[in-house]
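Student: Chains as they are written, first to last, in the numbering used here: chain D, 114 to 526; chain W, 114 to 526. For every residue, glycine included, the Cβ atom is placed at its ideal position computed from N, Cα and C. Note that the structure is predicted; figures quoted are calculated from it, not measured.
Protein chains: 2
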Amino acid sequence: MDLQDDVSNQQNSERGSQISHLALDIGGSLVKLVYFSRNNDSRRDDDNEQRSRNECLGVSDSDTCQPFLDGRLHFAKFETSKINDCLEFICSKKLHLGGFQDCTAPSSENICVKATGGGAYKFADLFKEKLGICFDKEDEMDCLVTGANFLLKTVHQEAFTYLDGQKEFVQIDHNDLYPYLLVNIGSGVSMIKVDGDGKFERVSGTNLGGGTFWGLGRLLTKCKNFDELLELSHQGNNRVIDMLVGDIYGGTEYAKIGLSATTIASSFGKAISDNKELEDYKAEDISRSLLRMISNNIGQISYLNALRFGLKRIIFAGFFIRGQAYTMDTISVAVHYWSNGEAKAMFLRHEGFLGALGAFRSYEKQSLDGLMVHKIVQKNPSSISSAGDKSCCSLNSDSKNENENSGCSVYGM
Amino acid sequence: MDLQDDVSNQQNSERGSQISHLALDIGGSLVKLVYFSRNNDSRRDDDNEQRSRNECLGVSDSDTCQPFLDGRLHFAKFETSKINDCLEFICSKKLHLGGFQDCTAPSSENICVKATGGGAYKFADLFKEKLGICFDKEDEMDCLVTGANFLLKTVHQEAFTYLDGQKEFVQIDHNDLYPYLLVNIGSGVSMIKVDGDGKFERVSGTNLGGGTFWGLGRLLTKCKNFDELLELSHQGNNRVIDMLVGDIYGGTEYAKIGLSATTIASSFGKAISDNKELEDYKAEDISRSLLRMISNNIGQISYLNALRFGLKRIIFAGFFIRGQAYTMDTISVAVHYWSNGEAKAMFLRHEGFLGALGAFRSYEKQSLDGLMVHKIVQKNPSSISSAGDKSCCSLNSDSKNENENSGCSVYGM
């Protein structure tokens with residue numbers, strides 16, 4: 114058994130009854146939720162979760178003499194604008210009561226749940242009113258870093274590079290992990306220089322993020338779903354709408370400064386002179402142009418910040434990426450291009466849940482008085498690896514179906 | 114008389130008959146044109162040009178014993194998509210024949226005109242066919258740098274800073290001019306490290322430029338004119354459509370990392386969750402959000418590049434700016450914010466014509482065999498300065514009217 118890391122479960126602490134099964138990261142666009150279920154949980158036969166049984170990080174027997182929980186971590190997301198779906202989900206799973214139908218629920222008056230992201234402030238009253246739980250707020254950047262470090266140290270084949278359609282896992286020596294630049298692409302983008310556990314600085318960011326892609330995409334294509342918008346981009350051709358160097362130079366390159374004819378000179382620049390209205394453009398082409406514009410921009414600003422601090426390793430995460438080949442490829446190409454091949458973009462298989470995982474992990478900080486400690490282990494690293502691959506590649510279709518069926522997505526890790 | 118610099122006029126050179134009165138910079142969105150008229154030009158009473166008589170850089174008697182031209186420089190722009198308007202303008206002014214109705218036109222078979230920008234390649238055949246002139250192509254970056262250096266060294270009160278609505282002219286010691294970062298915002302954006310006359314390197318750029326603002330703006334608002342789109346932004350409120358930190362954090366700031374409640378977290382991010390269609394948003398708000406997104410992004414990437422090369426001075430030019438208070442303010446704030454107040458954005462009064470001026474200046478390189486040399490002087494620096502101010506501030510309305518009337522804009526410098 115390959116013991117990886119500790120997560121404490123503490124139902125009674127100085128802050129009241131805390132439920133380690135649940136942690137939330139409430140961003141501007143999405144609510145990310147991590148919860149824990151015991152293996153003897155009555156919900157283990159639930160259809161929606163059955164298929165992810167082998168795709169999870171097991172939380173199992175520790176080799177200590179302390180009490181333990183045997184179970185697994187689950188991941189779910191909801192649109193922040195549909196926060197009620199999230200409340201209903203928590204309620205239906207009784208996560209606010211400990212998640213177990215047969216458990217003796219602690220007095221809801223005192224229940225505190227770890228939460229991070231701006232929504233931990235914005236929706237605190239709503240959660241108190243509807244579910245009777247209060248948020249124990251954790252700093253957003255702190256949680257992102259904690260989540261990233263946890264994944265990088267704990268999960269086998271978590272980080273990978275992606276270039277020219279080739280995915281290559283990177284085994285990072287734990288002693289050589291720091292420093293790195295963590296780029297979390299949510300609604301906006303945060304760029305964090307990470308020097309160790311709890312040692313970090315938010316050095317930059319950009320307001321052209323996932324929210325911009327989704328917001329502009331929604332206005333331009335009437336597509337109301339992030340995943341559908343991404344899906345559209347697969348069939349699109351950005352050259353229909355972007356102004357290329359070749360469009361300006363009459364089909365030739367601008368060789369002197371190394372700009373090929375197909376380099377994008379101006380995103381959406383062709384819309385200036387085309388005698389077309391919005392309706393005349395295909396949603397697929399618009400989506401692809403938008404995706405490329407934003408991915409490339411993030412890649413460029415990230416590289417410039419990595420350069421500034423002498424960081425060779427740039428790790429991209431956040432729900433914008435969603436394991437999308439084209440997104441990762443564009444970011445990778447941008448980093449490669451601007452760094453003259455000196456820097457490499459890396460991605461994480463569990464990219465979207467850094468903040469929620471970090472919040473979940475923050476229970477550990479208060480574990481000294483905890484009654485129970487459990488360890489997160491990888492029961493079968495190779496099967497997790499392939500499951501992770503599948504998860505990365507099938508996240509969108511899965512999540513789309515989930516959204517259609519139940520208004521949320523639940524992933525095994 | 115304050116002699117500033119030399120520009121040669123050479124009608125006969127080894128490359129055939131060259132007309133120093135005309136130089137073109139043909140970009141992806143706009144054709145910029147610089148031409149020279151003698152003071153005894155019969156067109157001096159032309160109404161459109163009359164008003165700019167005192168707003169020009171005089172080209173006057175030199176103190177050498179060489180022959181000279183006494184006249185002024187004119188500036189015009191056309192949309193590249195309406196290149197025929199440009200051809201007609203040149204034809205109507207007989208600029209391709211030397212510009213003078215009473216001149217003895219050189220054989221049009223041999224006429225070469227300095228041209229730069231991608232359109233010098235793309236439209237070479239068209240100009241040859243329609244006007245019988247060939248383009249003597251000059252490198253685009255070279256021309257931008259030549260134009261910028263010329264303006265910075267020659268024109269009194271050319272460079273200024275802009276912050277909080279305050280415009281402040283900067284007198285740059287010629288011996289302390291280099292190095293600086295030149296950021297030219299056309300359809301796309303070029304960032305050039307300038308170390309001296311002819312000594313430069315294009316170090317970066319971004320494909321989110323003026324073409325993106327115009328292209329996206331056109332699709333989102335149906336506004337077909339760049340100047341109108343800019344005008345709209347004056348009345349707009351980007352907070353209607355941008356997701357602010359306060360929107361995520363329930364009205365509060367994210368103080369720990371210095372993000373105020375009004376900081377834009379995600380451009381166009383509110384469009385995700387608002388239950389609105391494109392038609393429900395005001396064009397003014399969209400335009401302002403777009404302008405801020407692109408200006409801020411350019412400011413940020415520019416600063417990161419300046420930092421990389423240790424450049425304190427960042428000079429922004431290109432037709433995207435057009436002396437717009439809000440654009441300059443956003444760029445300035447971005448540079449100020451990201452540099453913690455250490456770097457300052459500077460702007461140029463004659464921002465849009467760097468490339469065309471550089472191409473015009475390139476006649477000088479071939480002046481050794483020239484028959485005539487003339488000097489560009491500022492006849493009255495103070496009046497030029499105020500004229501420049503006016504020009505900067507009234508460029509848009511002027512150009513709009515000009516466009517309505519004649520399909521082009523003519524500015525006195």
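Pick helix, strand or coil for T177 (chain D), following the three-state DSSP scheme.
Tutor: Summary for T177 (chain D): the model assigns pLDDT 30, below 50, so the residue's position carries little reliability; its value from the coordinates is reported in the next sentence. T177 (chain D): coil per DSSP, three-state reduction.
Student: If distances are taken between C-alpha atoms only, which option among W:R421, W:L210, W:I411 and W:L420 comes closest to F429 (chain W)?
Tutor: Of the listed residues, the one whose Cα sits closest to F429 (chain W) is W:I411.
Student: By DSSP, does Q437 (chain W) sit in helix, in strand, or in coil?
Tutor: It is coil, neither helix nor strand.
Student: Measuring only between beta-carbons, confirm whether S408 (chain D) sits less than 9 Å from chain W.
Tutor: So no, S408 (chain D) is outside the interface.
Student: Rounded to whole angstroms, how far is the Cβ of Y439 (chain W) from the Cβ of S346 (chain W), which I believe are closer than 8 Å?
Tutor: Going by Cβ atoms, the distance from Y439 (chain W) to S346 (chain W) rounds to 6 Å, so yes, they are a contact pair.
Student: Is the beta carbon of V258 (chain W) sitting closer than 9 Å to the one on G471 (chain W)?
Tutor: It is a contact, given that the beta carbons lie within the stated cut-off.
Student: Within its chain, find whatever has a CB closer than 7 Å to the CB of M254 (chain D); leave out the 5 residues flanking it on each side and keep chain order.
Tutor: Answer for M254 (chain D): S303, I305, F313 and R315, listed in chain order.
Student: Residues in its own chain within less than 8 Å of I298 (chain W) by CB, not counting five upstream and five downstream?
Tutor: Cβ neighbours of I298 (chain W) beyond the five flanking positions: G322, G323, I411, F429, A430, G431, F432, F433 and I434.
Student: Specify the secondary structure class of H134 (chain W) as computed by DSSP and reduced to three states.
Tutor: In this structure, H134 (chain W) counts as strand in the three-state DSSP scheme.
Student: From the DSSP output, in three-state form, read off L461 (chain D) for me.
Tutor: Looking at L461 (chain D) - three-state DSSP - the assignment turns out to be strand.
Student: Quickly, what does DSSP pair K195 (chain W) with across the bridge? List them, please.
Tutor: Paired residues: none, contrary to the question.
Student: To the nearest angstrom, report how far apart V147 (chain D) and K190 (chain D) are at their CA atoms.
Tutor: Taking the straight line joining both Cα atoms gives about 9 Å.
Student: Could you give the first and the last residue of the continuous alpha helix (DSSP H) run that contains E253 (chain D)?
Tutor: Looking at the DSSP string, the run of the alpha helix (DSSP H) that includes E253 (chain D) is E253 to T267.
Student: Does the beta carbon of D442 (chain W) come closer than 9 Å to any beta carbon on chain D?
Tutor: D442 (chain W) does not count as touching chain D.
Student: So K241 (chain D) is in the alpha helix (DSSP H); what residue range does that whole segment cover?
Tutor: A237 to L244 is the span of the alpha helix (DSSP H), which, as asked, contains K241 (chain D).
Student: Would you say Y439 (chain D) reaches chain W, if we count a Cβ-Cβ gap shorter than 9 Å as a contact?
Tutor: No, its Cβ sits nowhere closer than 9 Å to a Cβ of chain W.
Student: Would you kindly report the start and end of the unbroken beta strand (DSSP E) that includes E314 (chain D)?
Tutor: Looking at the DSSP string, the run of the beta strand (DSSP E) that includes E314 (chain D) is K312 to T319.
Student: Going by beta carbon distance, what residues of the same chain come within less than 7 Å of K337 (chain D), once the five residues before and after it are set aside?
Tutor: So the qualifying residues of the chain are R331.
Student: For a cutoff of 9 Å on Cβ pairs, would you count G230 (chain W) as touching chain D?
Tutor: So yes, G230 (chain W) belongs to the interface.
Student: Near N320 (chain W), what residues of its chain come up, given a Cβ to Cβ distance below 7 Å and the 5 sequence neighbours on each side ignored?
Tutor: Hits under 7 Å: G301.
Student: In terms of alpha-carbon separation, which member of W:K206, W:G230 and W:E201 lies closest to L143 (chain W)?
Tutor: Checking every option, the nearest Cα to that of L143 (chain W) belongs to W:G230.
Student: Measure the CB-CB distance between A272 (chain D) and R462 (chain D) and report whether it falls below 9 Å.
Tutor: Closer than 9 Å, so yes.
Student: Is it buried or exposed for H487 (chain W), if we count other Cβ within 10 angstroms and need 16 for buried?
Tutor: Its pLDDT being 35, under 50, H487 (chain W) is placed unreliably by the model, and nothing is read from it.
Student: Starting from the beta carbon of L333 (chain W), find every residue of chain D whose beta carbon is closer than 9 Å, and list them in chain order.
Tutor: Going along chain D in sequence order, the residues near L333 (chain W) (Cβ under 9 Å) are L329, L332, L333 and L391.
Student: Quick one: which chain D residues come within Cβ less than 8 Å of D252 (chain W)?
Tutor: Going along chain D in sequence order, the residues near D252 (chain W) (Cβ under 8 Å) are K369.
Student: State the DSSP-derived secondary structure class of R474 (chain D), mapped to helix, strand or coil.
Tutor: Three-state result, R474 (chain D): helix.
Student: When DSSP labels each residue in this structure, what does A272 (chain D) get in the three-state scheme?
Tutor: In the structure shown, A272 (chain D) sits in a strand (DSSP, three-state: E or B).
Student: Decide if Q348 (chain D) is buried, meaning its Cβ has at least 16 other Cβ atoms within 10 Å, or exposed.
Tutor: Per the 10 Å Cβ criterion, exposed.
Student: Using C-beta distances below 6 Å, list every residue in its chain close to G376 (chain D), excluding the 5 sequence neighbours before and after it, in chain order.
Tutor: Note that residue 376 (chain D) is Thr in the sequence shown, not Gly. V358, listed in sequence order.
Student: Return no unless some Cβ of chain W is closer than 9 Å to the Cβ of M459 (chain D).
Tutor: Closer than 9 Å: no.
Student: Just tell me which of W:H209, W:K227, W:L135 and W:Q284 has its CA closest to the CA of R426 (chain W).
Tutor: Per the Cα distances, W:Q284.
Student: Output, in sequence order along the chain, the residues in the segment 289 to 302 of chain D whose CB is closer than 9 Å to any CB in chain W.
Tutor: Under the 9 Å Cβ criterion, the segment 289 to 302 of chain D contributes G299, S300, G301 and V302.
Student: Around the C-beta of Q437 (chain W), are 16 or more other C-beta atoms found within 10 angstroms, so that it is buried, or is it exposed?
Tutor: With 16 or more other Cβ atoms within 10 Å, it is buried.
Student: Taking the straight line between their C-alpha atoms, what separation do you get for D119 (chain D) and L290 (chain D)?
Tutor: Unreliable positioning characterises D119 (chain D) in this predicted model, as indicated by a pLDDT of 28, which lies under 50. The coordinate reading is nonetheless provided below. One C-alpha to the other measures close to 19 Å.
Student: Which word fits G232 (chain W), buried or exposed, when buried means at least 16 other C-beta atoms lie within 10 angstroms of its C-beta?
Tutor: Buried, because 16 or more other Cβ atoms sit within 10 Å of the Cβ of G232 (chain W).
Student: Residues of the segment 308 to 323 of chain W in Cβ contact with chain D at a cutoff of 8 Å, in chain order, please.
Tutor: Going along the segment 308 to 323 of chain W in chain order, one finds R315, S317, T319, N320, L321, G322 and G323 with a Cβ nearer than 8 Å to chain D.
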